[in-house]
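Numbering (the working numbering), first residue to last: 4 to 139.
Each residue gets a CB set at the ideal place from its N, CA and C atoms; glycine is no exception.
The structure presented is a predicted model; accordingly, all values stated were derived computationally and were not measured.
All remarks here apply to the structure that follows.
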């Protein structure tokens, strides 16, 4: 998920908008964030999310998927400039984040579709999520 940046906020709003259609398709939606549990709860409340937002403190799950990266010094300075406190939000000084990713998991618990892009501004389109669900 996110550290309260603009792209994350847009994504969670878009997911909330399509959540009724996801449920109608017989599917569930779970978001996972490296933020501390209080941060994920605050984000869910702020955006009035009706789907689950789980905390992956320390990026344990993200590391299992091989999608963790460390912010470099230049990017950390930029985050600081915009008031994005990665260490405070995540509860550690690793300065690691997951690459934003979306997985569609079928009823056999197998990933039937995966979308990720190292450019954090590129996210899976909500319509594409619904298309992937209808293809199951």
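Kindly indicate which residue of the options has the alpha-carbon position closest to the one of residue i.
i: residue 132; options: 109, 123, 69, 10; result: 109
i: residue 136; options: 125, 126, 124, 106; result: 106
i: residue 113; options: 139, 63, 35; result: 139
i: residue 72; options: 129, 127, 101, 89; result: 101
Pop quiz: residue i and residue j are said to be a contact at Cβ under 8 Å. What is the actual Cβ separation, rounded to whole angstroms?
i: residue 32; j: residue 70; result: Not really, about 18 Å apart at Cβ, beyond 8 Å.
i: residue 98; j: residue 90; result: 7 Å
i: residue 10; j: residue 123; result: 6 Å
i: residue 93; j: residue 39; result: 7 Å
Per DSSP, residue i is paired with what?
i: residue 117; result: 106
i: residue 57; result: 35
i: residue 72; result: 100
Starting from residue i, trace the alpha helix (DSSP H) in both directions and tell me its first and last residue.
i: residue 47; result: 40-49
i: residue 130; result: 129-138
i: residue 63; result: 63-67
Between which two residues does the beta strand (DSSP E) containing residue i stretch?
i: residue 96; result: Where residue 96 is concerned, there is no enclosing beta strand (DSSP E), given that its DSSP letter is neither H nor E.
Apply the 10 Å Cβ neighbour rule to residue i and answer buried if 16 or more other Cβ atoms are within range, or exposed otherwise.
i: residue 18; result: buried
i: residue 63; result: exposed
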